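Worksheet: one structure, shown below.
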Amino acid sequence: MALVVYNDLTRKKEPFEPIEKDKVRFYVCGPTVYDFFHIGNARPFVLFDLFRRYLEATGYEVTFVQNFTDIDDKMIRRANETGTTVPELAERFIAEYFEDADALGIKRADIHPRATHEIGEIIKIVETLIEKGHAYEKEGDVYFSVVSFPEYGKLSKQSIDELVSGARIEVDERKNNPLDFALWKASKPGEPFWESPWGKGRPGWHIECSAMSTKYLGDSIDIHGGGSDLVFPHHENEIAQSECASGCQFVKYWLHNAYIMIDKEKMSKSLGNFMTVRDIRKKFNPLVLRYFLLSAHYRSPINFSKEGLDQAQSALERINNCYSDLNFAVANRNPCEKDDALAEAVTRARQGYRDSMEDDFNTAGALGSIFDLVRAVNVHLTENEGLYREGIKAAKDFFDDVNRVFGFFQTEEGSDAEIDALLAERVEARNSKNFKRSDEIRDLLAAKGIIIEDTPQGARWKRQI
RNA sequence: GGCGGCAUAGCCAAGCGGUAAGGCAGAGGACUGCAAAUCCUUCAUCCCCGGUUCGAAUCCGGGUGCCGCCUCCA
């Protein structure tokens, strides 16, 4: 069994074979940093981070690049509205991005390039495209000519004619073809600008990703990821620019995630029906959102709802309870004889987990295998007074391996003198049948989000997720 | 008009030809001073109609419903 991924370029599942053996060049479209990101934006960030982790866990050396778009119309507009500058706005929301991303357990990319730091690279590509006859300059703007690239439309499976006839874009006299798009935009008075062969201006959106991907990963990369709303025109345009400039195939595997839906509509900034990750974090542990995003296959839409998050929280609690029960048992139980059922359950869970993940990153299926082992561990802990050490060790190793990819086990075992003292007092109260006092202490701690559990091995506490 | 996706129990969600994973919620029971956690039992024939097949949720055809892209959007 080997990894198979669904490639949007061919619309088929294909065996994953990187261009260079054991190495993966992976690029993901990052945020435009003019605001907090919402949970729809969070989906690709979480997903592609997870794919990267899985690839790394299975032995690939991954170079992972995710950009920041820090100059475009939205940046300029927001900076004007809020009385700040574009660079200040970018700094602020790059920092906010990392705060939320860290909370969601998203690892830092190897490289987080910013468009404004790559202007030289961008100008170089635009010049190349003009030289090769794929682009033309008009009044300080530079446009890409879609008819110069016969394969234009190969990702979205549309011909230029079909795209034109369905287009809702405004006619722009400067363009030779309505589908031509800006590589470079002349700056208007008061806008940020950079000097270029075509005068003062700034890069178009699509060219950024081509430039940054090429600079840090080379002309041809293995995986390019993003939301499916980027298929057209963003990724189609990236292909056109990059392949015309380099003469090589730009990307081997195109992966796109489906949207978050809310009330049967796509969640999006423009519709205004979004919830930011920052909002969610006020009500839920961010790992609950992480679990929620991983509970369905990445190419299926997810319907967002409060109930959905509640369910995710309960499920995540079940996993975490098992993990902490397991650790507690290791510290507090004596060995018992071999438990074949547990040993077999670990083997089966590992196999099932792997089979699911290798089938186009089927995280929902993988969760099924994880829960199967949760049940088996719980059964073992319930049916035995002691502990089958080897089996439990194998289960813990599996959970730890999973966690390096899924990242939602709470691995830290808390210790707190004040809580420990209250817990000790409660034990005494219970021993002397002073249940009024013991329940008081339990309620007191519960109000602080501390949950008490009485086990045959003694009382213990944990934090509410 | 073009391209594409989805429809599986109250809810979420795998499965993609061999007789329905998993989670949440619910019901009954065990354990507990009461809880919590946990365990046991229980809870679906897969939108409709045809077809192919020994056999279909899974393939084909036709419906119905919902959604997305074709403009900034993850």
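In the working numbering, the protein residues as written are 742 to 1206. Here a beta-carbon is modelled for each residue, glycine too, at the ideal position from N, C-alpha and C. Given the structure is predicted, the values throughout are model-derived calculations rather than measurements.
Residue burial classification, residue i (beta-carbon count within 10 angstroms, cutoff 16)
i       : result
Phe839  : exposed
Ala856  : buried
His997  : buried
Asn1073 : exposed
Lys1024 : exposed
Arg1145 : exposed
Glu862  : buried
Asp913  : exposed
Arg909  : exposed
Gly781  : buried
Gln1054 : buried
Thr804  : buried
Phe1176 : exposed
Asp1004 : exposed
Distance between residue j and residue i (C-alpha atoms, nearest Å)
i       : j       : result
Tyr768  : Lys815  : 23 Å
Phe1147 : Met1008 : 24 Å
Ile847  : Asn1044 : 22 Å
Phe809  : Asn1172 : 59 Å
Gly1013 : Ile852  : 31 Å
Asp960  : Val1120 : 53 Å
His858  : Phe1015 : 30 Å
Glu892  : Val972  : 15 Å
Gly1109 : Ile871  : 53 Å
Arg752  : Trp995  : 9 Å
Ala1188 : Gly1093 : 40 Å
Gly894  : Tyr1032 : 35 Å
Asp1180 : Glu1169 : 12 Å
Val827  : Lys929  : 15 Å
Pro756  : Ala743  : 7 Å
Gly1190 : Thr825  : 40 Å
Ser1036 : Thr1104 : 7 Å
Val765  : Ser954  : 13 Å
Gly966  : Cys770  : 7 Å
Glu1058 : Leu1122 : 17 Å
Pro854  : Glu949  : 10 Å
Asp776  : Asn821  : 14 Å
Leu1030 : Ile1060 : 15 Å
Lys1047 : Asp1100 : 30 Å
Tyr884  : Ile866  : 12 Å
Phe1149 : Arg1091 : 17 Å
Glu1124 : Cys1077 : 11 Å
Glu797  : Asp763  : 10 Å
Ala1136 : Phe1102 : 22 Å
Cβ pair residue i, residue j closer than 8 Å
i       : j       : result
Lys926  : Arg943  : yes
Ala844  : Arg1022 : yes
Gln990  : His947  : no
Arg1204 : Ile1182 : no
Val746  : Leu958  : no
Val774  : Asp811  : yes
Lys993  : Ile760  : yes
Asn1026 : Ile817  : no
Leu1164 : Ile1192 : no
Ala1086 : Ser1041 : no
Ala1117 : Leu1083 : yes
Tyr795  : Met1098 : yes
Leu1034 : Val787  : yes
Gly881  : Trp935  : no
Cys1063 : Val1143 : no
Among the options, the one whose alpha carbon lies nearest that of residue i
i       : options                               : result
Ala836  : Ser1055, Ile1206, Arg1019 and Val1143 : Arg1019
Leu924  : Val887, Glu1006 and Pro933            : Val887
Gly1049 : Val912, Arg833 and Ile1001            : Ile1001
Asp730  : Asp1066, Gly1132, Glu1126 and Leu1067 : The shown model of the chain, from 742 to 1206, leaves out residue 730, and the question about it has no answer.
Glu977  : Glu932, Glu984 and Leu896             : Leu896
Phe922  : Gly781, Arg833 and Glu979             : Glu979
Cys985  : Lys873, Ser900 and Asn1125            : Lys873
Ala1070 : Asp902, Ala952, Glu1126 and His779    : Glu1126
Asp749  : Ser969, Glu797 and Leu920             : Ser969
His975  : Arg819, Asp1101, Gly945 and Glu1124   : Gly945
Ser1156 : Trp1202, Trp939, Asn1075 and Lys865   : Trp1202
Gln1151 : Glu936, Glu1159, Pro933 and Asp1141   : Asp1141
Asp963  : Ala1135, Phe792 and Arg1178           : Phe792
His1038 : Arg784, Gly1199 and Asp763            : Arg784
Asp1113 : Ala1135, Lys1134 and Arg1089          : Arg1089
Exercise. Of all the alpha helix (DSSP H) runs that stay within the bounds of the segment 955-1001, which reach a length of 4 or more residues?
Worked result: 977-987
For this session: At 3 residues or longer, and completely inside the segment 748-832: list those beta strand (DSSP E) runs for me, N to C.
Result: 753-756, 764-769 and 802-807
For this session: Quick one: which unbroken beta strand (DSSP E) runs of 3-plus residues sit fully inside the segment 846-898? Chain order, please.
Result: 876-879 and 882-885
Exercise. What alpha helix (DSSP H) runs, 4 residues minimum, are completely inside the segment 1120-1163?
Worked result: 1130-1147
Exercise. Which ranges does the alpha helix (DSSP H) cover as unbroken runs of at least 4 residues, wholly within the segment 998-1038, from first to last along the chain?
Worked result: 1018-1024 and 1027-1035
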